[in-house]
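First the structure, in the form of structure tokens, and then the observations on it.
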Amino acid sequence: MLDINKIRADFPILSRKVNGQPLVYFDNAATSQKPQQVIDKIVEYYTQYNANIHRGVHALSQEATDLYEASREKCRAFFNIPTSRQCLFTSGNTHSINAVASGAHVFVNQGDEVIVSAVEHHSNIVPWQMLCERVGAHLKVIPVLDNGQLDMNAYQNLLNARTAFVVVNHISNALGVTNPVKEIIAGAHKHQAKVLIDGAQSCGHMKVDVQDLDADFYTMAGHKMCGPTGIGLLYGKEDALLALPPYQGGGEMIDQVTFEHTTYAGLPHKFEAGTPNIAGGIALGAAVDYLNEIGMEHIAAYENELLVYGTEKIKNIPGAVIYGDVKDKAAVISFNVENLHPYDIGTIVDKLGIAVRTGHHCAQPIMDRYQIAGTVRASFAFYNTKEEIDVMVQALQRAVNMLS
Amino acid sequence: MNSIKEIQEEIIDEFAMFDDWMQRYEYMIDLGKSLPKIEEQHKNDDHIIKGCQSKVWVHADLQDDKVIFTADSDAIITKGIIAILIRAWSQQKPQDIIDADTSFIDEIGLKEHLSPTRANGLVSMIKQLKMYALAYQTQQN
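Going down the list, the protein sequences come from chains A and B.
FYI, in our numbering the residues of the first sequence are 4 to 407.
FYI, in our numbering the residues of the second sequence are 165 to 305.
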């Protein structure tokens, strides 16, 4: 059992008011809130350790480097990444995806096929479209069933000798449905295709073991797992990372530089050009410590309790339709109320202090699939409560009464 | 016909009668119901205002030197917002629409809709209405 009151006390923002009402924060799929421990770590870094890392021989630079590398080690262990060389710091999930897609021409040739799913975030569609345009490859799409799950039969049929890369999210941001990534990865590997799993929605909500999944690349967003914005992670299998050309050139990522030729540094530095987000990297380590202390299994179990409770309550609202209402999913409820625009609902509940997301959630293709303009999305985290869900449902009722 | 300024003052007075946001929003929703509706044939991509989470269509016509606006939206609150704008700015001279002050939006307690983070596109609506006026003004000269 989680001590929710104790946990909530760690998140200073949860005690503020919005529009005169106590904040109910249900936009965790967009970004999570930060515990005091993470906020303190950022302040501590700039107060006591600020120096550029991996360069100076002076004490401060070494202390900062040690903290940054210690944080990398924490992140490595958290996702069961085999070595810290394979745990790369990036500026975020989108950067992680682009770092792979921009060099993926070493894996994808002209005439090859790249498979994406119909439930991807734009950030996991556009970089691959750009890759396909660049190398003359074809983008194929795994269709989605009415219940929000991927059509796995169709996926198996899409796989062939020309399949070079498969990219799928672990959990869909628009619907919250968990995709059968293990099966997807195994299928792709039968055809020697590489696989990138977008873990933006999974990294802070479930135990992720990149070795067990056997993904070639896995991406994470620090700010969605209680860390600061502007920091993310990219995991890659060693041979895949060695084959992948660097994304950006600059300091830190080199071995030898002459005007004739430059040789690159080894992993992970090959992909970490320039001064990184040092404070963010160190604070992400504090976020990992915080999540570990509570335990990802406990977090996942409690969030599922909130999901089951919230789903039941929303279903009781007359005219409510939930998209992606399946058992295997994260604590995300994407819904509409018959004849009402999600924007109208979002605006009214915001006035009542409730933060939900409305719109297409940067996933227009799946909205087109359902022929809707968007949805209202309530996404929970382990610091939310059933009482807050009750407050949201009351607010939804009020919105429905006002709008119909 | 009253001037834009007079109508805007009138709208401010009406909204001042309400004590809380809920009454203001309910009134705005009511105003949306009396919005001069755009003809179905004009509800197409040529008349859609971009930058909104909801769809907004606006049509403009010049009659006797005055711009006549009609509009519609698929969201009720957005319909209310465009109805308020059109009530003040429709059937006015192009130059007066170009010069119209938008601070009355603030004064009726809808300031948050002017923020760029609001995806309702009130800023885009204002811009589009003024663009129509500017186009007619240019034509007349």
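A virtual CB, placed ideally from N, CA and C, is assigned to each residue, including glycine.
As the structure is a computational prediction, the values presented were derived from the model and not from experiment.
Take the Cβ of Leu245/A as the centre, count every other Cβ of all protein chains shown within 10 Å, and call the residue buried at 16 or more, exposed below. exposed
Just by C-beta distance, which residues in the stretch 287 to 305 of chain A are closer than 9 Å to chain B? Flagged: no residues at all.
Would you kindly report the start and end of the unbroken beta strand (DSSP E) that includes Asn339/A? 335 to 340
Any idea if Gly277/A is buried or exposed, counting beta-carbon neighbours within 10 angstroms, 16 or more meaning buried? Classification for Gly277/A: exposed.
Any C-beta of chain A under 9 Å from that of Asp238/B: yes
Name the one or two DSSP bridge partners that Ile357/A has. Val27/A
Can at least three beta-carbon pairs, one atom from the stretch 293 to 300 of chain B and one from the stretch 251 to 269 of chain B, be found at a separation below 8 Å? yes
Just the C-alpha distance for Val352/A and Pro231/A, rounded to the nearest angstrom, thanks. Annotation: Val352/A to Pro231/A spans about 27 Å, alpha carbon to alpha carbon.
Can you tell me where the beta strand (DSSP E) with Asp229/B in it begins and where it stops? Counting along the chain, no beta strand (DSSP E) covers Asp229/B, and no H or E run does either.
Around the C-beta of Lys243/B, are 16 or more other C-beta atoms found within 10 angstroms, so that it is buried, or is it exposed? buried
Inter-residue spacing [alpha-carbon to alpha-carbon] between Gly322/A and Ile84/A: 45 Å
If we ignore side chains and look at the alpha-carbon of each, how far apart do Gln152/A and Val122/A end up? 9 Å
DSSP three-state assignment for Met165/B, whether helix, strand or coil: coil
Whether Phe385/A touches Leu5/A by CB criterion (9 Å): yes
Pick out whichever of Gly284/A, Leu134/A, Thr166/A has its Cα sitting closest to the Cα of Ile145/A. Thr166/A
Counting only the same chain and skipping the five closest in sequence on each side, list residues whose C-beta sits under 7 Å from that of Gly253/A. Ala276, Gly277
Opposite Ala243/A in the DSSP bridges: which residues? Ala243/A is not bridged to any residue.
Which residues share a DSSP beta bridge with Ser120/A? Under DSSP, Ser120/A forms a beta bridge with Ile145/A.
Going along the chain, which residues of the stretch 179 to 196 of chain B sit with their C-beta nearer than 8 Å to a C-beta in chain C? In the displayed structure, chain C is absent; the protein chains listed are A and B.
Does DSSP put Gly409/A in a helix, in a strand, or in coil? No answer is possible for residue 409/A: it lies beyond the span of chain A, which begins at 4 and ends at 407.
Consult DSSP for Asp292/A and reduce its assignment to one of helix, strand or coil. Looking at Asp292/A - three-state DSSP - the assignment turns out to be helix.
Using a Cβ-Cβ cut-off of 9 Å, state whether His409/A counts as contacting chain B. Residue 409/A is absent from the model: chain A starts at 4 and stops at 407.
Mind pulling the alpha helix (DSSP H) runs of 4 or more residues that sit fully within the stretch 190 to 226 of chain B? With a minimum length of 4 residues, no continuous alpha helix (DSSP H) run stays inside the stretch 190 to 226 of chain B.
Relative to the C-alpha of Ala264/B, which candidate in Asp210/B, Asp236/B, Ile175/B, Ala252/B has its C-alpha closest? Ala252/B
Assuming Ser120/A and Asn96/A make a contact with CB atoms under 8 Å, what is their CB distance in whole Å? The Cβ separation is near 16 Å, so there is no contact.
Residue of Arg401/A, Ala333/A, Asp242/A minimising C-alpha distance to Gln89/A: Of the candidates Arg401/A, Ala333/A, Asp242/A, Asp242/A places its Cα closest to the Cα of Gln89/A.
Look at the Cβ atom of His364/A, then the Cβ atom of His173/A, and state whether they are nearer than 9 Å. no
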